[in-house]
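Undergrad: Below you'll find the structure I mean.
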Amino acid sequence: MKILTTVKKVVDVELNMHVRDGAIVQEGLQYVMNAWDENAVEVSVQLKENHNAETTLVSIGGGEDNTKIIRRAFAMGIKNAVQIDDPALAEADSFVYARVLQKVYEKGNYDLVITGKQAQDTDNGQTGIILAEYLGLPCVSNVIAIEVMDDQHIKVSRLGDSGTEIVELTLPAVVTVDVAINVPRLPQTRGIMMAKKMPIDVMDLAALGTSHDEVGGGGPKSKIVEFIAPETRKTGRKFEGDAAEITAQVVGLLANEAKVL
Amino acid sequence: MAKVLVIADIKQGVLKGSTSQLLSKARAIGAETAVVAMGHHIESLIPGLVNAGSDVQYVADDPGLELFSAGPYASCVVDAARQFGANLIWFGFSESGKAVAPRVAAQLDVACATDITDVMLQADQIEVIRPAITNKVLQRIKIHTGQLVAVVRAGAFEATEGISGTENIVRLSPPATDLKAVIRQILSEAGGEIDLADANIVVSVGRGAKDQAGIDLVKELANDLKAGFGSTRAMVDAGFIPHYKQVGQTGKIVAPTLYMAIGISGAIQHLAGMKGSKVILAVNKDPEAPIFNVADYGIVGDLFEVVPILREEIRKIRS
Chain S
1 MKILTTVKKV VDVELNMHVR DGAIVQEGLQ YVMNAWDENA VEVSVQLKEN
51 HNAETTLVSI GGGEDNTKII RRAFAMGIKN AVQIDDPALA EADSFVYARV
101 LQKVYEKGNY DLVITGKQAQ DTDNGQTGII LAEYLGLPCV SNVIAIEVMD
151 DQHIKVSRLG DSGTEIVELT LPAVVTVDVA INVPRLPQTR GIMMAKKMPI
201 DVMDLAALGT SHDEVGGGGP KSKIVEFIAP ETRKTGRKFE GDAAEITAQV
251 VGLLANEAKV L
Chain P
262 MAKVLVIADI KQGVLKGSTS QLLSKARAIG AETAVVAMGH HIESLIPGLV
312 NAGSDVQYVA DDPGLELFSA GPYASCVVDA ARQFGANLIW FGFSESGKAV
362 APRVAAQLDV ACATDITDVM LQADQIEVIR PAITNKVLQR IKIHTGQLVA
412 VVRAGAFEAT EGISGTENIV RLSPPATDLK AVIRQILSEA GGEIDLADAN
462 IVVSVGRGAK DQAGIDLVKE LANDLKAGFG STRAMVDAGF IPHYKQVGQT
512 GKIVAPTLYM AIGISGAIQH LAGMKGSKVI LAVNKDPEAP IFNVADYGIV
562 GDLFEVVPIL REEIRKIRS
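Note that the protein sequences, when read in sequence, are chains S and P. Just so we're aligned, residue 1 is where the first sequence starts under the working numbering, counting upward by one. Just so we're aligned, residue 262 is where the second sequence starts under the working numbering, counting upward by one.
Right, dumping it as structure tokens:
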């Protein structure tokens, strides 16, 4: 089984974020591997360990931070990596990413594409699903378990609206995974050392056999016009002291002031 | 004139509140409205679709649609969108909506925005507002395609009282079965529980409850209030609470009238799932817990002591 796993560099959401003049203030930001993609890497490595799957990672973006997250995926156990680094993709949306990933997929003859269900920097949750549409492949999103049935079939569990949905997929297929699927391993020293020497296949769009226009970069379907700082909730009242007294007081306020009881 | 197609939010045979909320918003912006409903044996829901404020009802009632499957559902939405000539296609906030919306957008080759909290129309120009980066920023997005597929965040739009549509039923032909992604079964949530997404009051329990006895105590409070019962990632990971009860960025996003956070410290992932609630009450032992920064009312105290008093006081005030 050949697996293609997508990994995205995202801003570290644990850090504070500030908005100035309609843009996110860049100073002090740090970049990490998208959390859901860590789960995608982990499940791919598990499929390698348990089913001899061949693992290839793809990441779109450049710079040191991007190299760092690819090396992290190597240290977790991924064997091959393709990096699409092209300045023309700086403002790519989900549809453009999906077109680029389509090109990568078509070069590799993969059986299974595994992506995180969304990226922490946009929280869009679209790219994997759109990729499946472009490829004409079956797709299940929000997956929390993958079981290999045979060479051509996998059974996946998905968190749906009414419970856990059990779906049998015919390969090739695309799945997008939720954090509930596993706990990603921490890279070990030996893996980290080895990861430093592993080659990354870096390509721009031309090397991938495509162009900015062909992947739809010239006419994005939507564009972020500005970032806005969300209204913070007014800090309310905090009551300390005798439990019976303050609880009675708060219940009174919920009923008479907030009128929600 | 804008034409809004709302995807009926049907869960276990019941039409959910988001349907009327989205249709109310569509009418408020002066749009023509239609709804598309998919499932099996859903005939009895049609009057509800009309009452929710739709003027056209596209109905796909087929055995193949009994269990949710993103492919066939997307085909029905695309079919209805084309017939209606919709320029806005709105899903309520649900896992099925999040799975189907990008497919519909890809098939129609139009823009897609998930999690929107507002939409602005000016002439032919569509703009939306949506949170990103775990709710730390809002994005204002300009849509370049004349059509938009969107998933609307829970609680973003309010239902208007007393609106109603007109009955005008259009039957959709059943879509092809997705032979490559076959839904085998749905391991259902326990029946009879109050749905988190619809609940007026949500009571959530966090790590402060320590064990099953603590959880049961908080659950009794939820039962008293006929509230939805939720929890946090930590409690789900610890195996105390099933996944579908997790409130937060990676779980359910809720916006009830009253949210009670009991023994929850307030990690940003959890806050992202409940910050839109109208009123928030927090009970926590630690006066420095971040949950107090978003709570309208905070009780600093041990939940094992506070919750029984809370139940008693609520009983008193309600009787």
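Even for Gly, the Cβ is constructed at its ideal location relative to N, Cα and C.
When you compare only the Cα positions, how much space is there between residue 549 (chain P) and residue 450 (chain P)?
TA: On the second sequence, position 288 is the one that residue 549 (chain P) refers to. On the second sequence, position 189 is the one that residue 450 (chain P) refers to. Rounded to whole angstroms, residue 549 (chain P) to residue 450 (chain P) spans 35 Å at the Cα level.
Undergrad: Considering only C-alpha positions, which residue in the set S:218, S:109, S:155, S:149 is nearest to residue 90 (chain S)?
TA: Sequence index remark: in the first sequence, residue 90 (chain S) carries index 90 (1-based). When each option's Cα is compared against that of residue 90 (chain S), the closest is S:218.
Undergrad: Of all Cβ atoms in chain P, is any one closer than 9 Å to the Cβ of residue 92 (chain S)?
TA: For the purposes of this step, residue 92 (chain S) is taken as residue 92 along the first sequence, with counting starting at 1. For residue 92 (chain S), the answer is no, since every Cβ of chain P falls outside 9 Å of its Cβ.
Undergrad: Quick check: the Cα distance between residue 277 (chain P) and residue 263 (chain P), rounded to an integer number of angstroms?
TA: In the second sequence, counting from the first residue as 1, residue 277 (chain P) sits at position 16. In the second sequence, counting from the first residue as 1, residue 263 (chain P) sits at position 2. Those two C-alpha atoms are separated by around 24 Å.
Undergrad: Using a Cβ-based criterion (distance less than 8 Å to any ligand heavy atom), does residue 193 (chain S) qualify as near the ligand ADP?
TA: Of the ligands one can find in the structure shown there are none, so the ligand ADP has no counterpart to examine.
Undergrad: Does residue 129 (chain S) come within less than 9 Å of chain P when only Cβ atoms are used?
TA: One-based indexing of the first sequence puts residue 129 (chain S) at position 129. Yes, residue 129 (chain S) counts as interfacial toward chain P.
Undergrad: Tell me which residues of the region 9-34 of chain S have at least one Cβ-Cβ distance to chain C shorter than 7 Å, keeping chain order.
TA: The question asks about chain C, but that chain is absent: this structure's protein chains are S and P.
Undergrad: Is it buried or exposed, residue 49 (chain S), if we count other Cβ atoms within 10 angstroms and call 16 or more buried?
TA: Within the first sequence, residue 49 (chain S) is the residue found at index 49, counting from 1. Flag for residue 49 (chain S) reads exposed.
Undergrad: Given a cut-off of 9 Å on the beta-carbon distance, is the pair residue 255 (chain S) and residue 578 (chain P) in contact?
TA: If you number the first sequence from 1, residue 255 (chain S) lands on position 255. If you number the second sequence from 1, residue 578 (chain P) lands on position 317. It is a contact, given that the beta carbons lie within the stated cut-off.
Undergrad: Could you check where the beta strand (DSSP E) with residue 404 (chain P) kicks off and where it finishes?
TA: The residue given as residue 404 (chain P) occupies position 143 in the second sequence. It spans 398-404 - the beta strand (DSSP E) in which residue 404 (chain P) sits, taken as one unbroken run.
Undergrad: Residues of the region 546-557 of chain P with a CB closer than 8 Å to any CB of chain S: list them in chain order, please.
TA: Cβ contacts with chain S: 548, 553, 554, 555, 556, 557.
Undergrad: My understanding is that residue 301 (chain P) touches residue 323 (chain P), with C-beta atoms under 8 Å, so please give their C-beta distance in whole angstroms.
TA: As a first step, residue 301 (chain P) is located in the second sequence; it is residue number 40 there, counting from the start. As a first step, residue 323 (chain P) is located in the second sequence; it is residue number 62 there, counting from the start. Their Cβ separation, rounded to whole angstroms, is 6 Å, which keeps residue 301 (chain P) and residue 323 (chain P) in contact under 8 Å.
Undergrad: Runs of 3 residues minimum, wholly inside the region 107-186 of chain S: which ones carry the beta strand (DSSP E) assignment?
TA: You should have 112-116, 139-150, 153-159, 163-170, 173-177.
Undergrad: Kindly indicate which residue of P:510, P:493, P:417 has the alpha-carbon position closest to the one of residue 118 (chain S).
TA: For the purposes of this step, residue 118 (chain S) is taken as residue 118 along the first sequence, with counting starting at 1. Minimum Cα distance to residue 118 (chain S) is reached at P:510.
Undergrad: Report the residue ranges of all alpha helix (DSSP H) runs contained in full by the region 181-226 of chain S; include only those spanning at least 4 residues, in chain order.
TA: Within the region 181-226 of chain S, the complete alpha helix (DSSP H) runs of at least 4 residues are 189-197.
Undergrad: Helix, strand or coil for residue 357 (chain P) per DSSP?
TA: As a working mapping, residue 357 (chain P) is identified with position 96 in the second sequence. Helix at residue 357 (chain P).
Undergrad: Quick one, which residues of the region 475-486 of chain P are near chain S if we go by CB-CB under 7 Å, in chain order?
TA: The residues in question: there are none.
Undergrad: Please report the straight-line C-alpha distance between residue 545 (chain P) and residue 558 (chain P), rounded to a whole angstrom.
TA: Within the second sequence, the letter at position 284 stands for residue 545 (chain P). Within the second sequence, the letter at position 297 stands for residue 558 (chain P). Cα-Cα distance, rounded: 11 Å.
Undergrad: Residue 37 (chain S) and residue 11 (chain S) - do their beta-carbons sit closer together than 9 Å?
TA: Counting from 1 along the first sequence, the entry for residue 11 (chain S) is found at position 11. Counting from 1 along the first sequence, the entry for residue 37 (chain S) is found at position 37. Not a contact, by the Cβ cut-off of 9 Å.
Undergrad: Let me know if residue 308 (chain P) comes out buried or exposed under the rule of 16 or more other beta-carbons within 10 Å of its beta-carbon.
TA: Residue 308 (chain P) sits at position 47 when you count from the first residue of the second sequence. So residue 308 (chain P) counts as exposed.
Undergrad: With a threshold of 8 Å on Cβ separation, who are the neighbours of residue 46 (chain S) within its own chain once the five nearest residues in sequence on each side are excluded?
TA: Stepping through the first sequence from its first residue, residue 46 (chain S) is reached at position 46. Contacts found: 182.
Undergrad: Quick check on this structure: which residue in S:42, S:18, S:22, S:15 has the alpha carbon closest to the alpha carbon of residue 176 (chain S)?
TA: For this step, residue 176 (chain S) is matched to residue 176 along the first sequence. Comparing Cα-Cα distances from residue 176 (chain S) to each of S:42, S:18, S:22, S:15, the minimum goes to S:42.
Undergrad: Any beta carbon from chain P within less than 9 Å of residue 132 (chain S)'s own beta carbon?
TA: As a first step, residue 132 (chain S) must be located in the first sequence, where it is residue number 132. It does; some Cβ of chain P falls within 9 Å.
Undergrad: Taking all protein chains shown into account, decide if residue 199 (chain S) is buried (16 or more other Cβ within 10 angstroms of its Cβ) or exposed.
TA: Locating residue 199 (chain S) in the first sequence gives position 199, counting from the first residue. That one is exposed.
Undergrad: Considering just the uninterrupted stretch of the beta strand (DSSP E) at residue 448 (chain P), what are its terminal residues?
TA: By 1-based counting over the second sequence, the position of residue 448 (chain P) is 187. Per DSSP, residue 448 (chain P) belongs to the beta strand (DSSP E) from 442-449.
Undergrad: Between the region 243-252 of chain S and the region 330-348 of chain P, are three or more C-beta pairs nearer than 8 Å?
TA: Flag = no, the region 243-252 of chain S and the region 330-348 of chain P do not touch.
Undergrad: Excluding the 5 residues flanking residue 100 (chain S) on each side, which residues of the same chain have their C-beta closer than 8 Å to its C-beta?
TA: In the first sequence, residue 100 (chain S) corresponds to position 100, counting from 1. The answer, listed in chain order, is 60, 84, 89, 92, 205, 208, 210, 215.
Undergrad: For residue 502 (chain P), name the three-state secondary structure that DSSP assigns.
TA: As a first step, residue 502 (chain P) is located in the second sequence; it is residue number 241 there, counting from the start. The answer is coil: DSSP assigns residue 502 (chain P) none of H, G, I, E or B.
Undergrad: Should residue 383 (chain P) go down as buried or exposed, given a rule of 16 or more other Cβ atoms within 10 Å for buried?
TA: Within the second sequence, the letter at position 122 stands for residue 383 (chain P). Exposed, because fewer than 16 other Cβ atoms sit within 10 Å of the Cβ of residue 383 (chain P).
Undergrad: Provide the residue(s) that pair with residue 386 (chain P) in DSSP beta bridges, ordered along the chain.
TA: Locating residue 386 (chain P) in the second sequence gives position 125, where the first residue counts as 1. Answer is P:383.
Undergrad: Assuming contact is defined by CB atoms lying nearer than 9 Å, are residue 56 (chain S) and residue 127 (chain S) in contact in what I supplied?
TA: Position 56 of the first sequence holds residue 56 (chain S). Position 127 of the first sequence holds residue 127 (chain S). No.
Undergrad: Please say whether residue 228 (chain S) and residue 284 (chain P) have beta carbons closer to each other than 9 Å?
TA: Sequence index remark: in the second sequence, residue 284 (chain P) carries index 23 (1-based). Sequence index remark: in the first sequence, residue 228 (chain S) carries index 228 (1-based). Against a cut-off of 9 Å, the Cβ pair of residue 228 (chain S) and residue 284 (chain P) comes out as no contact.
Undergrad: On the DSSP bridge assignment, give the partners of residue 520 (chain P) in chain order.
TA: Position 259 of the second sequence, counted from the first residue, corresponds to residue 520 (chain P). BP columns for residue 520 (chain P) point to P:463, P:541.
Undergrad: If I measure Cβ to Cβ from residue 339 (chain P) and keep anything under 8 Å in the same chain, skipping five residues before and after, which residues do I get?
TA: Taking the first residue of the second sequence as 1, we reach residue 339 (chain P) at position 78. Excluding residues within five positions, the ones whose Cβ falls inside 8 Å are 365, 368, 369.
Undergrad: State the DSSP-derived secondary structure class of residue 535 (chain P), mapped to helix, strand or coil.
TA: Locating residue 535 (chain P) in the second sequence gives position 274, counting from the first residue. Looking at residue 535 (chain P) - three-state DSSP - the assignment turns out to be helix.
Undergrad: Which residue wins for smallest C-alpha separation from residue 436 (chain P), given the options P:299, P:493, P:416, P:468?
TA: Against the second sequence, residue 436 (chain P) aligns to sequence position 175. Nearest C-alpha to residue 436 (chain P): P:299.
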